[in-house]
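Novice: In this note's numbering, the protein residues as written are 27 to 675.
For glycine and all other residues, C-beta sits at the position ideal for the given N, C-alpha and C.
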Amino acid sequence: MKRVENDEIRNFLVAEVLKHGSDKLPSATEKRLAEIRRDKPSVPVIYISSGSAGVIAGSKKSASAAEEYISETGIKAIVVKTGCHGPAVFEPLICIHLPGKNKLIFRNITEDRIESLLNGVFHNDMPAEDLVGQSGSTGFEAWNGVPFIDELPWFRLQKRVVLSNCGCYDPESVEEYIARGGYRSFLKTIRNYTHEEVCDIIERSGLRGRSGGGFVTGLKWKYALNSASDNRYIICNAKESDPGAYTDRAVLEGDPHRLIEGICIAAYGTGASNAVIYLKSASALPLRLLEKAIADARRYGIIGHNIYSSGYNLDIIIRQEAGAFVCGEETALIGSLEGRRGMPELKPPYPTTSGLYGKPTVINNVETLMNVPLIMERGPEWFRTMGTTGSKGTKLFYLSGRGRLTGLIEVEMGTTFRTIVEGIADGLRDSRAFKTLQIGGPSGTFITENDLDLTVDYEILREKGIAMGSGGLIVIDETTCMVDFVRYYMSFIHKESCGKCIPCREGTGRMLEILENVIRKPMTEDSNATLERFKGVMQLETIATVMKDTSLCGLGQTAPNPFMSALNKYREEFEEHIFDRRCRANVCRGLRTFSIDVDKCTGCTVCASKCPVNAIYGTRLQPFFIVDDKCIGCGICFDVCKFSAVTVR
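#1: Determine the closest residue to V352 out of E522, I328, Y95 and C121, with distance taken between C-alpha atoms.
#2: Please report the straight-line C-alpha distance between K248 and G354, rounded to a whole angstrom.
#3: DSSP on I528, reduced to helix/strand/coil?
#4: Mapping DSSP to helix, strand and coil, what is M27?
#5: What do you get for M27, buried or exposed, if any count of 16 or more other CB atoms within 10 angstroms of its CB means buried?
#6: In the DSSP assignment, find the alpha helix (DSSP H) that holds F518 and state where it starts and stops.
#7: Quick one: what's P113 bridged to in DSSP?
#8: Does the contact criterion of 3 or more C-beta pairs under 8 Å hold for the region 452-471 versus the region 193-212?
#9: Considering only their Cβ atoms, is the gap separating S253 from T378 smaller than 9 Å?
#10: Can I329 and L311 be called in contact, C-beta distance under 9 Å?
#11: Tell me the DSSP secondary structure of N128 in three-state form.
#12: Can you look up E678 in the DSSP assignment and give me helix, strand or coil?
#13: Below 6 Å CB to CB, which residues in the same chain sit around I492 once its five sequence neighbours on both sides are set aside?
#14: Report the option in T414, L44, Q648 and M564 whose CA atom is closest to the CA atom of R12.
#15: Are there three or more Cβ pairs, one per stretch, closer than 8 Å when the region 108-115 is compared with the region 139-146?
#16: I'd like to know whether the C-beta atoms of A592 and E602 end up nearer to each other than 9 Å.
#17: Specify the secondary structure class of I662 as computed by DSSP and reduced to three states.
#18: Would A641 and I622 be called neighbours here (beta carbons separated by less than 9 Å)?
#19: Give me the Cα-Cα distance between V30 and L51, rounded to the nearest whole angstrom.
#20: Just tell me which of P269, N170 and E364 has its CA closest to the CA of Y304.
#21: Hey, I227 and G244: beta-carbon distance below 9 Å or not?
#22: Using CA coordinates, which residue listed in D33, G295 and M369 is at the minimum distance from H221?
#23: How big is the Cα-Cα spacing for E93 and E436?
#24: Evaluate R284 with the Cβ neighbour count: other Cβ atoms within 10 Å of its Cβ, from every protein chain shown; 16 or more gives buried, anything less gives exposed.
#25: Give me, in chain order, the residues of the same chain whose beta-carbon lies closer than 7 Å to that of G240; leave out the 5 immediate sequence neighbours on both sides.
#26: Take R675 and list the residues in its own chain whose beta-carbon comes closer than 7 Å to its own, dropping the five residues that flank it on each side.
#27: Note the first and the last residue of the continuous beta strand (DSSP E) segment covering D274.
#28: Does DSSP put N391 in a helix, in a strand, or in coil?
#29: Are there 16 or more other CB atoms within 10 angstroms of the CB of N170, so buried, or fewer, so exposed?
#30: Between which two residues does the beta strand (DSSP E) containing F669 stretch?
#31: Please classify I492: does DSSP put it in a helix, a strand, or coil?
#32: Near A319, which residues of its chain fall below 6 Å by C-beta distance, leaving aside the five closest residues on each side in sequence?
#33: Which same chain residues end up closer than 8 Å to Q565 when comparing Cβ atoms and leaving out the 5 residues on each side of it in sequence?
#34: Measure from the alpha carbon of V563 to the alpha carbon of each residue in I545, D196, N32 and T576, then state which is nearest.
#35: Name the DSSP bridge partner or partners of N543?
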């Protein structure tokens, strides 16, 4: 019976929507689409956020509990699994839409809280501590005393364009995507525009690549289109290998069909008949959703041969990368797709001239392509109304670290970083003091308190030596050691270097060695040891300059960025580590000195029994002491002491 119903919906969508040449649909068609979208549901609808963040927080069990509750109570209701709404700290996040009422949004609804929540909502006795707010439009009854989510800083200070569908519909349903206007931009494009006209529209919009460099997207497409060839390729770089950046993953899990549509338009605009989605390894959920989206798009005739009698052919495939950070670089990515070891190549020639299999190739990331269907639907002038003079549209960030609120956000270009930290993130948790904002991943830089009024703008940030990066934003408080933070990123870069060029291979290793020497006590206490440590840090600046000037690819050229930025803005912390052998955040274990206060020690022996290197000696019921030469600074004794007898400095 369900198969018959699905076939009927498919026939309706194809005949009355996709094959309809005009932008304006008949009122009867619009009414049917509203039913598919559940704009005005006749039964309660329970939307459960089921992206990776939600699954980790337990949303699968919450969904099962909700379905079990409906079955046992006999209530006619629908459970819909959606993508991520944005605020990861609210997961599992649940929206409940009762007929005729506004939607209610609840946070942290784990399996054990489902029954009480649904009982409360269905009997008008909602748990206030779980309630985030309500959302709705004209025609629905508002809930008294419940704030609208648009009034909350997290949502009010954002401009959700790319994220407009995320959390609103079932990402596995192509029918719902089409009912929300999906794929009509692509069909409008292939019916009404030439390849050149599509490139012109995207160029006029001012859309720039969202992968960090900010190159003009339409211009990039033109380079590939104007390169003589019998075949061209479009590659969607969905690798997103930066630690702390999950923007692409969250978007793929919430709105995979818009990415497919963006790829389709980009392929047509560049004259490509083959497209590849280069997906990050260990991405089981995005992989499953994309495979289903491609299969559904093929079933609806969106991709394939002679698409809707236009004469245009397109095929899309998915390839998973092998897990190498360097494969985010364009030429290394292409080498990986061709079956070679992913290693950067000299440029020129650029991929737009000679890319995959020697053919002109355009590589765009997920966020860039997600903007394309909206530009083709609403026009380049609409897109230019958002942003600044040199940077149009919006930008996605994954906000993590010490902020009170974390998760996926989208802000209009021109938004200040202070707005993001103090407004959207709602300041820092535990009343900690703000220290810095890290942007750009392992090759990024730091934004201090004095620079928080800088705006999200490619040109303004470039003038300050700051790269936008792929979308990672880490809020850092006073408990973080900048030397150790930089050392972690240098360790990551050193491991991920492909080893092809000497400056990157040897430079990252030497920089890591010097930084690791700084965060531990010297073997000797003489002044020569201090001088050697200081000279090592001075060498870092020279090594960084050489790497920037001579490395083959962007990985090596930008690898020193975190160190150079930290040394420039937090030099006193480096000097404290070198000269005073002190870490103000007490993070660097190699510099920590532990001792036992004999007046507080009861001789309980707990610290001695837990010490992994047997550095604590004493007699039971008598004060114990720590042997400095054996202590490794792990801090276990400090953690287990119940009498606050262990001190650290």
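Specialist: Checking against the coordinates, here is how it stands:
#1: The shortest C-alpha to C-alpha distance from V352 to any of E522, I328, Y95 and C121 is the one to E522.
#2: Spanning the two alpha carbons is a distance of roughly 22 Å.
#3: In this structure, I528 counts as helix in the three-state DSSP scheme.
#4: Interpretation of M27 is limited by its pLDDT of 37, a score under 50 that renders its predicted location unreliable; the figure taken from the coordinates is listed afterwards. In the structure shown, M27 sits in coil (DSSP, three-state: anything other than H, G, I, E or B).
#5: Residue confidence is low: M27 scores 37 on pLDDT, short of 50, so the model does not pin down where it sits. No coordinate-derived value is stated.
#6: From DSSP, the alpha helix (DSSP H) with F518 extends over M508 to E522.
#7: For P113, the pairing in a beta bridge is given by DSSP as G433.
#8: At 8 Å Cβ cutoff, the stretches do not touch.
#9: Less than 9 Å divides the Cβ of T378 from the Cβ of S253.
#10: No.
#11: Three-state DSSP puts N128 in coil, outside helix and strand.
#12: With the chain covering only 27 through 675, there is no way to say anything about residue 678.
#13: So the qualifying residues of the chain are T471.
#14: Residue 12 falls outside the range modelled here, since the chain spans only 27 to 675, and no answer is possible.
#15: Of all C-beta pairs linking the region 108-115 to the region 139-146, fewer than three are shorter than 8 Å, placing the two stretches out of contact.
#16: No, the Cβ-Cβ distance between A592 and E602 is not below 9 Å.
#17: Three-state result, I662: helix.
#18: No Cβ-Cβ contact shorter than 9 Å links A641 with I622.
#19: The predicted position of V30 is uncertain, since its pLDDT is 48 and thus under 50; a value taken from the coordinates is nonetheless stated next. One Cα belongs to V30, the other to L51, and the distance between them is close to 25 Å.
#20: Nearest option by C-alpha distance: E364.
#21: Against a cut-off of 9 Å, the Cβ pair of G244 and I227 comes out as a contact.
#22: When only C-alpha atoms are compared, the closest one is G295.
#23: Their backbone Cα atoms lie some 32 Å apart in a straight line.
#24: Classification for R284: buried.
#25: Its chain contains R234, Y484 and M494 as the residues whose beta carbon lies nearer than 7 Å to that of G240, once the 5 sequence neighbours on both sides are disregarded; these appear in chain order.
#26: Close CB contacts of R675 within its chain, under the 7 Å cut and outside five residues either way in sequence, are with T619 (chain order).
#27: Note, D274: premise wrong, no beta strand (DSSP E); alpha helix (DSSP H) at T273 to G280.
#28: In this structure, N391 counts as strand in the three-state DSSP scheme.
#29: Its Cβ having fewer than 16 others within 10 Å, N170 is exposed.
#30: Segment: none, F669 is in no beta strand (DSSP E) and carries neither H nor E.
#31: DSSP places I492 in coil when its eight states are reduced to three.
#32: Only residues of its own chain outside the window of five on either side were considered, and among them P282, H283 and I286 have a CB closer than 6 Å to the CB of A319, listed in chain order.
#33: So the list reads R536 and I540, once near-sequence residues are dropped.
#34: The candidate whose alpha carbon is nearest that of V563 is I545.
#35: N543 is not bridged to any residue.
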